[in-house]
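Reviewing the structure listed below.
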Amino acid sequence: MCVGRTSARITWWKRSAITSAGSVGSGAPAPRCGADPVSARVSAGRKRLVLLGSTGSIGEQTLDVVSEFANRYEVTAMAAGRNVEKLAEQVRRFRPGLVSVADEEDAAELRTRLDGADVEIVTGAEGLTAVATHPADMVVSGLVGAVGLAPTLAAIRAGRDIALANKEVMVMAGALILREVKAHEVRLLPVDSEHSAIFQALAGQRAADVERIILTASGGPFRTWDDARIAQATVEEALNHPNWNMGPKISIDSASLMNKGLEVIEARWLFDVTPEQVDVIVHPQSIVHSLVEYRDGSVLAQLGLPDMRVPIAVALAHPERLPLDLPRLDLAALARLDFEAPDRKRFPCLQLAFDALAADEAAPAVLNAANEVAVEAFLDGRIRFPAIAATNGAVLEAHIERGLVSELQSLDDVLAADAWAREVAAGVVAAEAGRAA
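So the working numbering is basically just the index in the sequence shown, starting at one, shifted up by 323.
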């Protein structure tokens, strides 16, 4: 159920190929996606990982897994932004040969902190690409936002398998990414907990039998709040996610349900389904991570305690399972699981994602760019929380009104849509900030 290098035996999620000889769960010999278990690589040495976004939430939790299974994995290169102090600690501990930081000032500080350590330090966009294409068996794409697109694409073109945590990559350029994955015969494995759950629930099944994919959402910190209270929400309140340990941007997206909207778009591309086949349900406990409904009425779900180290380990070790030293789910102690429909009026960002999917191929990239601008403005205290959705809606509407039904044929096409949306969003944010003053 991953993109295999032997395309005659499997093409990921293409409807005629899910139960072909190499599909996950079949008894037949598998292609690259099934015949390359961790144990096979470990017999010849540890699996080499490149980590994009090492100092972020996904990066740190990936390193937790690497630490627990140091006999199986090594980190050969890392990319971070400006958290030089944390990066220096990681370099001393994991000893990569290559690291990337934002600019020369950060590089100088890192050299001072490392005091002559044997590591090459590179900077900027070129540095990110150098890290992404560094010799490795797998690249963990854990950067946040649009900045992750170009290095992830470069890694694919360099023939690297991808463990994808950066959902914006698929939101901005899903069709382009899947074309490149197929052309370069690499594996693309989801790290998002919801998409990992779907990936697992689809194992061994025929794509033609899939009726519906159901993404679960915790509902975020404002699930029970009314409109008036949400309008006054502070940054600290929005960052206080009830279940998950995440970075600031994704925490704000979770509060607005934009994160779930982005995941809807990601699922549409990752699993080759129509937008109408993707649904969302609110599940406050975050125990059921997502579900797949089949045409006979059966529903398969993946359950577990909310810990990102589990989907990270699934991606790193597929098709094996790592014996993680984590607390186990006790359903008797939990006693109940709750579900409810999402309120798309109180949380309009979710509906905007479906609207973008219905518009054209560029609309999701436009929506993502607008959201990044709006979230940054909210985190900086320039706009209020409801202005995030207002900004996103205004920019998406402006894109649709342009009447350019866009297909994204290249990275330049994606970046052009992104740049246009950011410029428009900046104007909307300025107006919203003026009203909030």
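Glycine is no exception: its CB is placed at the ideal position from the N, C-alpha and C atoms.
(message) If you reduce the DSSP assignment to three classes, tell me which class residue 461 lands in.
(response) Indexing the sequence shown from 1 puts residue 461 at position 138. Secondary structure of residue 461 (DSSP, three-state): strand.
(request) For chain C, find out if any of its Cβ atoms is closer than 8 Å to the Cβ of residue 731; answer yes or no. (result) The chain labelled as chain C is not found in the depicted structure, where only one protein chain is given.
(request) Consult DSSP for residue 442 and reduce its assignment to one of helix, strand or coil. (result) As a working note, residue 442 is residue 119 in the sequence shown. The answer is coil: DSSP assigns residue 442 none of H, G, I, E or B.
(request) Between the Cα of residue 446 and those of 575, 460, 425, spot the shortest distance and give me the residue it belongs to. (result) Start at 1 with the first residue of the sequence shown, and residue 446 comes out as number 123. Among 575, 460, 425, the Cα nearest to that of residue 446 belongs to 425.
(message) On the criterion of 16 or more Cβ atoms from any shown chain inside 10 Å, does residue 695 qualify as buried, or is it exposed?
(response) For the purposes of this step, residue 695 is taken as the residue at position 372 of the sequence shown. Buried.
(message) In the DSSP assignment, the beta strand (DSSP E) including residue 602 goes from what residue to what residue?
(response) Here residue 602 refers to the residue found at position 279 of the sequence shown. Segment 601-605, the beta strand (DSSP E) holding residue 602.
(request) Grab me the residues of residue 582's own chain with a C-beta within less than 7 Å of its C-beta, minus the 5 sequence neighbours each way, in chain order. (result) In the sequence shown, counting from the first residue as 1, residue 582 sits at position 259. Only 573, 576 meet the Cβ criterion.
(request) For the alpha helix (DSSP H) holding residue 687, just list the boundary residues, first then last. (result) By one-based count along the sequence shown, residue 687 stands at place 364. Taken as a continuous stretch (DSSP letters only), the alpha helix (DSSP H) holding residue 687 covers 686-702.
(request) Please report the residue range of the alpha helix (DSSP H) in which residue 384 lies. (result) Taking the sequence shown and counting its residues from 1, one reaches residue 384 at position 61. Segment 380-391, the alpha helix (DSSP H) holding residue 384.
(request) Buried or exposed for residue 543, please, with buried defined as at least 16 other CB atoms from any protein chain shown within 10 angstroms of its CB. (result) Locating residue 543 in the sequence shown gives position 220, counting from the first residue. Burial call: buried.
(message) For the pair the stretch 742-760 and the stretch 710-723, tell me if three or more CB-CB distances fall below 8 Å.
(response) yes
(message) Using a 10 Å radius around the Cβ and a threshold of 16 neighbouring Cβ atoms, would you call residue 503 buried or exposed?
(response) For the purposes of this step, residue 503 is taken as residue 180 along the sequence shown, with counting starting at 1. Buried.
(message) Tell me which residues share the same chain as residue 650 and place their Cβ nearer than 7 Å to its Cβ, disregarding the 5 neighbours each side in the sequence.
(response) As a first step, residue 650 must be located in the sequence shown, where it is residue number 327. Result list for residue 650: 628, in chain order.
(request) Give the straight-line distance between the Cα atoms of residue 691 and residue 679, rounded to the nearest whole angstrom. (result) Counting from 1 along the sequence shown, the entry for residue 691 is found at position 368. Counting from 1 along the sequence shown, the entry for residue 679 is found at position 356. Answer to the nearest angstrom: the Cα atoms are 10 Å apart.
(request) Would you mind sorting residue 395 into buried or exposed? The rule is 16 or more other CB atoms within 10 Å of its CB. (result) The sequence position of residue 395 within the sequence shown is 72, counting from 1. That one is buried.
(message) Less than 6 Å between C-beta atoms, sequence neighbours within five positions excluded: which residues of the same chain meet that for residue 413?
(response) The residue given as residue 413 occupies position 90 in the sequence shown. So the qualifying residues of the chain are 377.
(message) Tell me the rounded alpha-carbon separation between residue 611 and residue 621.
(response) Working through the sequence shown from its first residue, we reach residue 611 at position 288. Working through the sequence shown from its first residue, we reach residue 621 at position 298. Roughly 16 Å separates the two Cα atoms.
(request) Could you work out which residue in 615, 453, 673 is closest to residue 687 when comparing CA atoms only? (result) For the purposes of this step, residue 687 is identified with residue 364 of the sequence shown, where counting begins at 1. Checked all of 615, 453, 673; the closest Cα to residue 687 is 673.
(request) Kindly identify the DSSP beta-bridge partner or partners of residue 401. (result) In the sequence shown, counting from the first residue as 1, residue 401 sits at position 78. 374, 422, per the DSSP bridge assignment.
(request) Evaluate residue 515 with the Cβ neighbour count: other Cβ atoms within 10 Å of its Cβ, from every protein chain shown; 16 or more gives buried, anything less gives exposed. (result) Residue numbering aside, residue 515 sits at position 192 when the sequence shown is read from its first letter. Label assigned to residue 515: buried.
(request) Please check the pair residue 535 and residue 602, which I expect to be a contact at CB under 8 Å, by giving their CB distance rounded to whole angstroms. (result) The residue given as residue 535 occupies position 212 in the sequence shown. The residue given as residue 602 occupies position 279 in the sequence shown. 6 Å between Cβ atoms; contact.
(message) Determine whether the beta carbon atoms of residue 731 and residue 682 lie at a separation below 8 Å.
(response) The residue given as residue 731 occupies position 408 in the sequence shown. The residue given as residue 682 occupies position 359 in the sequence shown. The answer is no: Cβ separation not under 8 Å.
(request) Give the range of the alpha helix (DSSP H) segment to which residue 451 is assigned. (result) Sequence index remark: in the sequence shown, residue 451 carries index 128 (1-based). Here the alpha helix (DSSP H) through residue 451 covers 447-455.
(request) Assign residue 449 to buried or exposed, taking buried as 16 or more other Cβ atoms, counted over all protein chains shown, within 10 Å of its Cβ. (result) The count along the sequence shown starts at 1 and reaches residue 449 at position 126. Per the 10 Å Cβ criterion, exposed.
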